[in-house]
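Chemist:
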Amino acid sequence: MTEQRNVFSGRRAVVATMHGKEQAIAPVFRTSLNLIVVPATGVDTDALGTFSGEVPRRGTMLETAVAKARLGMERARLPFGIASEGSFGPHPLLAIIPAGFELLAFVDDERGTTIHESLVIDATNFAHIVTSPAEPITQFLAQVGFPSHGLIVRPNVGDAQTKLFKGIVDLSNLQSAITAAAALSDDGCARVDTDMRAHLNPTRMKSLTALAVRLSDRLSCLCPSCAAPGWGRIKVIRGLPCEVCDTATEWVMSEVFGCAACTHEEERRRSDGLTHTGPANCPWCNP
Ligand SMILES: [Zn+2]
Ligand SMILES: [Zn+2]
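Quick note: the sequence shown uses the UniProt record's numbering, first residue 1, plus one each step.
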């Protein structure tokens, strides 16, 4: 890495959030880059999509995160903006396990770049249950970390979007919401979902901190050619040869590092030094 001045030291960046995400992100950027992260005030990030589905998200997660960051930058009149976007659902490899996917983007208008990092998160409380007012749901509540983690209640069948009780963090509100939602539902049941908004979800705040570490580490890496921050891995090249027959396998052969500001790229061999893989991974030896 080139020895260069940290361009972010003492500067300010805005994080567009209605959900207190600056608490998870700001200390990381302050420590690693001396970048002061401030929350944007009066930015309606829910207009770009909500977890509970009243406003569907348009565009990819990255596009949505960049749009959010830009809202904050315009409001705060700052050239640096940060925004995150999360999605929760079945695990990409093991569909029975819930997983989260978080993306954190940094928009830099001084260099015209966007740097982002993302993370698949195995530790998530994402879950739901369908229940009637009389049923005990103690086990579910323990599993999702209620009441330190918030809940959303809606009618199980019928008008689920407008009759939504969000941000429930105490038992008496939970019980009255279940009773009200069940009464509005065609089947007399309420659906209880985890509220994934960051300020009601300490598990998600932890994931955001981990992601902030990744992103600030990347911003600390400077392009060896133009010294712009954000140098890092941009893609992998597959085709590590089989040690028996030399056929290209699906295994990663090398990683390509690139710059967000210029076209400089470097291909690096695997960091573990592996130059071949076994015949078990070979499409010719083990079809
Ligand atoms: Zn560069
Ligand atoms: Zn082979």
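Don't be surprised by glycine CBs; every beta carbon is placed ideally from N, CA and C.
Here the structure is a predicted model, which is why all the values come from computation and not from measurement.
#1: Would you list, in sequence order, the uninterrupted beta strand (DSSP E) runs of no fewer than 3 residues that lie entirely inside the stretch 12-75?
#2: Who pairs with residue 200 in a beta bridge, going by DSSP?
#3: Whole angstroms are fine: how far does the CA of residue 196 sit from the CA of residue 50?
#4: Just list the residues that DSSP pairs residue 212 with in beta bridges.
#5: Report the start-end ranges of each beta strand (DSSP E) in the stretch 220-245 that is 3 residues or longer and not cut off at the edges.
#6: Count Cβ pairs between the stretch 175-195 and the stretch 102-120 that sit closer than 8 Å; are there 3 or more?
#7: Helix, strand or coil for residue 77 per DSSP?
#8: Consider the Cβ of residue 196: report whether some Cβ of chain C lies at a distance smaller than 9 Å.
#9: With a threshold of 8 Å on Cβ separation, who are the neighbours of residue 217 within its own chain once the five nearest residues in sequence on each side are excluded?
#10: As a quick exercise: from 149, 41 and 178, pick the residue whose alpha carbon is nearest that of residue 167.
#11: May I have a chain-ordered list of the alpha helix (DSSP H) segments no shorter than 4 residues that lie completely inside the stretch 124-184?
#12: Would you check if the distance between the CB atom of residue 104 and the CB atom of residue 87 is smaller than 9 Å?
#13: Give the straight-line distance between the Cα atoms of residue 38 and residue 231, rounded to the nearest whole angstrom.
#14: Taking Cβ positions, are residue 238 and residue 252 nearer each other than 9 Å?
#15: Answer with buried or exposed for residue 121, where buried requires no fewer than 16 other C-beta atoms within 10 angstroms of its C-beta.
#16: May I ask which residues mark the beginning and end of the beta strand (DSSP E) holding residue 116?
#17: At a cut-off of 8 Å, is residue 261 close to ligand 1 when judged by its beta-carbon and the heavy atoms of the ligand?
#18: Check whether the Cβ of residue 221 lies closer than 8 Å to any heavy atom of ligand 1, and answer yes or no.
#19: Please go through the same chain and pick out, in chain order, the residues whose beta-carbon is closer than 6 Å to the beta-carbon of residue 258, but skip the five residues on each side of it.
#20: Kindly indicate which residue of 285, 171 and 212 has the alpha-carbon position closest to the one of residue 116.
#21: So who's on the other strand from residue 108, going by DSSP bridges?
#22: Compute the beta-carbon to beta-carbon distance between residue 83 and residue 177, rounded to the nearest angstrom, for a pair I have assumed lies under 8 Å.
Modeler: Quick answer:
#1: If only complete runs of 3 or more residues are kept, the stretch 12-75 shows the beta strand (DSSP E) at 12-15 and 36-39, in order along the chain.
#2: Residue 200 is not bridged to any residue.
#3: Distance between residue 50 and residue 196, taken at the CA atoms: about 10 Å.
#4: Under DSSP, residue 212 takes part in no beta bridge, so it has no partner.
#5: Secondary structure within the stretch 220-245: the beta strand (DSSP E) runs of 3 or more consecutive residues, fully enclosed, are 232-238 (chain order).
#6: Result no; under three Cβ-Cβ pairs closer than 8 Å.
#7: In the structure shown, residue 77 sits in coil (DSSP, three-state: anything other than H, G, I, E or B).
#8: The question asks about chain C, but that chain is absent: this structure has only one protein chain.
#9: Excluding positions up to five away in sequence, the list reads 32.
#10: The shortest Cα separation from residue 167 among 149, 41 and 178 belongs to 149.
#11: If we require 4 residues or more, the alpha helix (DSSP H) runs fully inside the stretch 124-184 come out as 138-143 and 171-184.
#12: Here residue 104 is not near residue 87, since their CB atoms are 9 Å or more apart.
#13: Taking the CA atoms as reference points, residue 38 sits about 24 Å from residue 231.
#14: It is a contact, given that the beta carbons lie within the stated cut-off.
#15: By the neighbour-count rule (16 or more Cβ atoms within 10 Å), residue 121 is buried.
#16: DSSP places residue 116 inside the beta strand (DSSP E), whose first and last residues are 113-121.
#17: With a cutoff of 8 Å, residue 261 counts as near ligand 1, since its C-beta is closer than that to a heavy atom of the ligand.
#18: The answer is no for residue 221.
#19: Excluding the 5 residues flanking it on each side, residue 258 has same chain C-beta neighbours closer than 6 Å at 234 and 265, in chain order.
#20: Nearest Cα to residue 116 within the set 285, 171 and 212: 212.
#21: Answer is 80 and 113.
#22: In fact, because the Cβ distance is near 30 Å, the residues do not count as touching under 8 Å.
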